[in-house]
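Enquirer: Note that full-length UniProt numbering numbers the sequence shown so that position 120 is 120, with each residue one more than the last.
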Amino acid sequence: MSSPNFIQRKAVDVSGQLGSLYDASSDTLLKCCRVEKLEKTQFHKDSICQVFQGTQVNNVIHLLKAIKFDDALLQSILLGMVRPFGISSVINYNQPINNNTHFLYHSYICRTDKLSVTAEKIYQNISLPSDLNNATHMITEIIYGFEVLCVIQVPTTESSVQIEDLLNRISKQLQSSDKPLKLTDKEERQINELSNVTIYASEICCNDL
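(1) How would you call N192, buried or exposed, if buried means at least 16 neighbouring beta carbons within 10 angstroms?
(2) Do the stretch 92 to 106 and the stretch 151 to 160 touch if we need at least three Cβ pairs shorter than 8 angstroms?
(3) Drop a sphere of 10 angstroms on the beta-carbon of F43, count the other beta-carbons inside from all chains shown, and report buried for 16 or more, exposed for fewer.
(4) Do V35 and L104 count as a contact pair if the criterion is CB distance below 7 angstroms?
(5) Provide the residue span of the beta strand (DSSP E) that contains D113, from first to last.
(6) Check for me: the beta strand (DSSP E) holding T28 runs from which residue to which?
(7) With R169 as the anchor, note down where its alpha helix (DSSP H) starts and where it stops.
(8) How big is the Cα-Cα spacing for A201 and Q53?
(9) In this structure, how does DSSP classify G19 when only helix, strand and coil are distinguished?
Now the structure itself:
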C-alpha cells in the first residue's frame, strides 16, 4: 500500500485476526479488539507459481526475498524475534544450495477480509482495550490462502536439466487457478524418482496492517 500508515506482512504467526493489535518495533501480535459487523469479504482466485534454481538464489535469504518476504520481517526472524513457521522455516534449511538445487514456489489466494474502518473513526466503531501496551498498528485486512515451497536436490547436472523442465511445465499449469494440475505418466515417474525433497507450507498468505 502507498500510505505510510499501512504495512503489509507475511503472516508467519497465523493467530492474528481482524482487530488484532500489533507492535511493529518487536514484530509481535498483542491483544484483539472487539469488532462487530465491520467486515467486508471478497472472494477471488489468484495463483502464483515460480521456479528458481540454486544459481539464481545464493542462499535462503535471497530466496525468501524473491517470494516477497520484506527486510523487516527477515530481520525479525534472524534475530529470533519471530519464530519461523511454514515456508519461513526454510531459513533453517541446512543442505548446500548449488546448480542441482531447485525451488518450486506456489501461492493461492482465495479470500480477502477487510475492516470497513478508517483511522479517524476507529474509536467510534471498535472497542479498544484500555491497555494498548506498545501497539503501533491494527490488522485491518487479511488475505487467506496457502503457500507451498518445495526444495528439490538432484544428483547430476543431466537430471537437473530434466527437473527444471518438469518444474517449469508444472508452474505453467499452476498459473491457471481454475484448472486442475494434470501430469503425464512420464512426469509422475520423474516426481516419484525424486529422493531429496523438502516441503514447507503455510495456510495464510499475508496480513495487511
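Think of the CB as a built atom: it goes at the ideal place given N, C-alpha and C, for glycine as much as any other residue.
Expert: With the structure as the only source:
(1) The residue labelled residue 192 in the question sits at position 192 within the sequence shown. Taking all protein chains in view, the Cβ of N192 is surrounded by fewer than 16 other Cβ atoms within 10 Å, so the residue is classified as exposed.
(2) With three or more CB-CB distances shorter than 8 angstroms, the stretch 92 to 106 counts as touching the stretch 151 to 160.
(3) Against the sequence shown, residue 43 aligns to sequence position 43. Classification for F43: exposed.
(4) Translated into the one-based positions of the sequence shown, residue 104 becomes position 104. Translated into the one-based positions of the sequence shown, residue 35 becomes position 35. Not closer than 7 angstroms, so no.
(5) The residue you call residue 113 lines up with position 113 of the sequence shown. D113 -> beta strand (DSSP E) spans T101 to L115.
(6) For the purposes of this step, residue 28 is taken as residue 28 along the sequence shown, with counting starting at 1. T28 -> beta strand (DSSP E) spans T28 to C32.
(7) For this step, residue 169 is matched to residue 169 along the sequence shown. Looking at the DSSP string, the run of the alpha helix (DSSP H) that includes R169 is T157 to L174.
(8) The sequence position of residue 201 within the sequence shown is 201, counting from 1. The sequence position of residue 53 within the sequence shown is 53, counting from 1. In a straight line, the C-alpha of A201 is about 19 angstroms away from that of Q53.
(9) Here residue 19 is taken as the residue at index 19 of the sequence shown, counted from 1. Three-state result, G19: coil.
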